[in-house]
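Undergrad: Each residue of the sequence shown is one higher than the one before, starting from 175 at the first, in the working numbering.
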Amino acid sequence: MERAKMALSGESAPVEPAPVVHEFGTLLAAATSLERIAGRELERRCGIKHATFEALLRLSDAGAECPRTMGGLAGEMILTSGGATRLIDRMEEAGLVRRRVASGDRRRQFVELTPAGRDKLDEALRVHAETLDQHFAGPLTQEQRRTLVEALGILRAHARDELGALR
175 MERAKMALSG
185 ESAPVEPAPV
195 VHEFGTLLAA
205 ATSLERIAGR
215 ELERRCGIKH
225 ATFEALLRLS
235 DAGAECPRTM
245 GGLAGEMILT
255 SGGATRLIDR
265 MEEAGLVRRR
275 VASGDRRRQF
285 VELTPAGRDK
295 LDEALRVHAE
305 TLDQHFAGPL
315 TQEQRRTLVE
325 ALGILRAHAR
335 DELGALR
């Protein structure tokens, strides 16, 4: 009845979102909530922010022979150079990383984990795994989790293909 009145008055009916809009919203809400839970536990149990955990992870991938440059780390973490500098400043003050100037180019700085940084990463990895076991894996059956991970892998590959075409 309300739509008929709107049609007679020349008003348009509100657009109903397609189901896919709600489905995508559910995906984003779940990911955001899980990320908040994971970040909360890292702060509460390890005393570090999620960004610090991510930086520790990325620096651990580099290995001692190949530390990351500040610019490279900023790019990987999608941070501005100023944001990366502030993050690394805080991590250096906490004794988790050290910087060194590149030989032959004083403008380039390398960042590497300290032994304390490796220890903090080990602690954070244990906490993160426990958190994910409880809040990501726990509510799902093995089959649901396998299906979810498989589907997300397909979406990730599709998005990478699309974004590659946009560059």
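The beta carbon of each residue, even a glycine, is placed where N, CA and C say it ideally should be.
Mapping the DSSP letters down to three states, classify alanine 204 as helix, strand or coil.
TA: Residue numbering aside, residue 204 sits at position 30 when the sequence shown is read from its first letter. Of the three classes helix, strand and coil, the one that applies to alanine 204 here is helix, per DSSP.
Undergrad: List the residues that DSSP assigns as beta-bridge partners of leucine 287.
TA: Within the sequence shown, the letter at position 113 stands for residue 287. DSSP lists Val271 as partners of leucine 287.
Undergrad: Could you tell me which residues DSSP puts in a beta bridge with alanine 276?
TA: Counted from its first residue, the sequence shown places residue 276 at position 102. Paired residue(s): Asp279.
Undergrad: Compare the C-alpha of serine 207 against each of Ala333, Asp335, Leu329, Phe310 and name the closest.
TA: The residue you call residue 207 lines up with position 33 of the sequence shown. For the residues Ala333, Asp335, Leu329, Phe310, the minimum Cα distance to serine 207 belongs to Phe310.
Undergrad: Threonine 315 by DSSP, collapsed to three states: which one?
TA: Working through the sequence shown from its first residue, we reach residue 315 at position 141. The answer is coil: DSSP assigns threonine 315 none of H, G, I, E or B.
Undergrad: What is the residue span of the alpha helix (DSSP H) that glycine 249 lies within?
TA: For the purposes of this step, residue 249 is taken as the residue at position 75 of the sequence shown. First-last of the alpha helix (DSSP H) with glycine 249: 244–251.
Undergrad: Quick check: the region 213–222 against the region 298–310, are at least 3 beta-carbon pairs closer than 8 Å?
TA: Yes, they touch.
Undergrad: Going by beta carbon distance, what residues of the same chain come within less than 6 Å of phenylalanine 227, once the five residues before and after it are set aside?
TA: On the sequence shown, residue 227 is found 53 positions in, with the first residue counted as 1. Leu216, Ala298.
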